[in-house]
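Working notes, structure below.
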């Protein structure tokens with residue numbers, strides 16, 4: 069049975085379809101927006117051509133011209149056709165360019181949705197907020213000049229001057245690997261280092277325009293003072309010190325609190341710590357005897373002042389003495405040293421937590437071999453003057469001093485039997501540095 073459609077019915081169907089499609093295009097993509105400024109807020113009234121579901125606000129996304137700056141806003145329905153979006157501009161900058169996007173916002177009439185985009189900006193007359201920092205500004209800059217709104221970058225340097233040679237550039241920031249510019253904040257970068265503890269003046273001339281096109285009506289002057297001279301008060305050891313002990317800590321003290329510091333010592337790994345006005349270098353190992361070390365430091369004060377400091381020192385000469393360096397840990401790392409020469413490295417184990425072992429220079433008090441009834445094997449041990457015992461364990465034994473015939477001590481450093489055999493041959497009263 070054939071389905072018959074008259075030509076007039078076909079035309080009516082086509083007209084209905086085109087009308088519905090046109091209606092969808094208009095209703096789903098056309099909105100009317102009216103924007104006005106109310107003191108510290110911007111109100112955008114959006115009028116829809118179809119009644120909207122109140123959940124449409126969940127499909128709104130608002131961004132500003134300053135990438136990454138969150139936009140604070142509230143929404144309010146007047147009726148199903150009118151939505152007010154109130155953007156909070158209590159914080160600076162104001163008068164930004166905003167973009168409102170609606171993505172498939174649901175209408176009350178299924179299956180209509182609304183997708184639209186509006187870009188708008190209210191006009192704010194430019195004004196200078198402040199200069200930052202106004203006190204203790206770094207002599208190498210930058211010094212930040214803040215405006216209440218974004219400023220047109222064209223000819224900016226023709227309207228803004230400092231009484232010290234330099235240039236102004238927009239503040240740049242980084243988000244997700246990309247750099248962006250904030251045209252409401254401009255950084256003054258001096259051509260050369262400015263004088264310390266000196267007042268400089270920035271003049272903003274009338275005629276400077278905001279991005280919205282309004283101009284500054286009168287000249288404005290702001291001033292800032294640079295930081296006091298950044299000085300090194302003391303280094304420890306002093307430059308050229310001839311006989312520095314192997315565990316001495318390197319310190320650099322300045323006249324200003326430090327924000328950051330990096331100290332490097334030739335041939336030595338370690339970390340730098342900042343404590344107020346002092347930077348300390350914590351070496352990963354002890355210094356080698358009879359060795360000259362060069363120190364290079366880069367210091368930054370809390371005011372942004374920078375300083376480079378170099379000095380050198382020479383360590384104590386131990387001749388060809390045999391001594392041990394023990395770095396506590398689990399396990400301990402132990403080095404057999406002969407003067408400044410590293411002979412051998414091996415591992416040991418502490419019977420107490422490393423934090424409970426004194427980190428000092430110790431010396432041998434006595435050495436002896438003991439033997440108990442259950443063990444016919446001679447068990448040598450070395451006692452240090454900090455009540456630390458260095459010994460080995462028989463195979464399969466535990467550190468039970470009574471069972472092993474060992475004296476009771478505060479703690480033990482247990483080392484392999486073959487390593488102890490070498491140390492037993494050291495001259496009496498040898499040195500052990502624990503750190």
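In our numbering, the protein residues as written are 69 to 503.
No residue lacks a Cβ here, since even glycine has one placed at the ideal position from N, Cα and C.
On the three-pair Cβ rule with 8 Å, is the stretch 229-236 touching the stretch 143-151? no
Measure the beta-carbon distance from residue 325 to residue 370 and round it to whole angstroms, keeping in mind my assumption that it falls under 8 Å. 5 Å
From the DSSP secondary-structure annotation, give me the bridge partner or partners of residue 38. For residue 38 there is no data in the structure shown, the boundaries of the chain being 69 and 503.
CB contact flag (residue 184, residue 121, <8 Å): no
Straight-line gap, residue 488 to residue 328 (C-alpha atoms, nearest Å): 44 Å
Inter-residue spacing [alpha-carbon to alpha-carbon] between residue 500 and residue 374: 40 Å
Given a threshold of 16 other Cβ atoms within 10 Å of its Cβ, counted over all protein chains shown, does residue 412 qualify as buried or as exposed? exposed
Does the stretch 247-254 come within contact of the stretch 208-221, defined as at least 3 CB pairs closer than 8 Å? yes
Rounded straight-line distance, which links the Cα of residue 438 to that of residue 481: 17 Å
Using the three-state DSSP reduction, which class does residue 147 fall into: helix, strand or coil? strand
With C-beta atoms as the reference, is residue 299 less than 8 Å away from residue 260? no
According to the neighbour-count rule (16 or more other Cβ atoms, all chains shown, within 10 Å of its Cβ), is residue 352 buried or exposed? exposed
Go ahead and label residue 416 buried or exposed: buried means 16 or more other beta carbons lie within 10 angstroms of its beta carbon, across all protein chains shown. buried
Which residue spans inside the stretch 374-448 form an unbroken alpha helix (DSSP H) run of at least 4? none
What did DSSP end up calling residue 489 once you bin it into helix, strand or coil? helix
Is DSSP giving residue 125 helix, strand or coil here? helix
To the nearest angstrom, how far is it from the Cα of residue 70 to the Cα of residue 180? Per-residue confidence for residue 70 stands at a pLDDT of 49, beneath the threshold of 50, marking its modelled position as unreliable; the derived number appears in the next sentence. So the alpha carbons of these two residues sit roughly 35 Å apart.
So, is residue 178 buried or exposed, given that buried needs 16 or more other C-beta atoms within 10 angstroms? exposed
Along the chain, where does the alpha helix (DSSP H) that runs through residue 472 open and close? 469-472
Does the beta-carbon distance from residue 220 to residue 292 come in below 8 Å? no
Beta-carbon within less than 7 Å of residue 104's beta-carbon, same chain only, minus the 5 sequence neighbours each way: which residues are those? 111
First and last residue of the uninterrupted beta strand (DSSP E) at residue 328: 326-333
If we call anything under 8 Å between Cβ atoms a contact, is residue 330 one with residue 340? yes
In chain order, what residues of the same chain lie with their CB nearer than 6 Å to the CB of residue 391, ignoring the 5 residues before and after it? 405, 498 and 499
What is the DSSP secondary structure of residue 97, reduced to helix, strand or coil? helix
For residue 287, which three-state DSSP category applies? coil
Pick helix, strand or coil for residue 250, following the three-state DSSP scheme. strand
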